[in-house]
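Residue numbers (the numbering used here): 21 to 80.
Structural data, given as structure tokens:
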């Protein structure tokens, strides 16, 4: 599922971690669980990271 479809359902703590740790090779377990609960895949693509870096704050 595309990130913009589940980003709004992601918990704030996970969003903040992702924004502060852009393109991290490893995600903490709680962030992975948050992404899964919101409907996303635990492995983020380059396009997902691009969204987080450039557009995620506009969507919130």
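The beta-carbon is built from N, C-alpha and C at its ideal position, and this holds for glycine as well.
Identify the continuous alpha helix (DSSP H) that holds residue 26 and give its terminal residues. In this chain, the alpha helix (DSSP H) harbouring residue 26 covers 23–26.
Give every residue of the same chain whose Cβ lies closer than 6 Å to the Cβ of residue 57, excluding the five residues on either side of it in the sequence, and list them in chain order. none
Compare the C-alpha of residue 69 against each of 45, 50, 59 and 29 and name the closest. 45
Just tell me which of 21, 40, 65 and 51 has its CA closest to the CA of residue 30. 51
In chain order, what residues of the same chain have a beta carbon less than 7 Å from the beta carbon of residue 23, not counting five sequence neighbours either side? 60, 68 and 71
Cα-Cα separation between residue 62 and residue 75, rounded to whole angstroms: 19 Å
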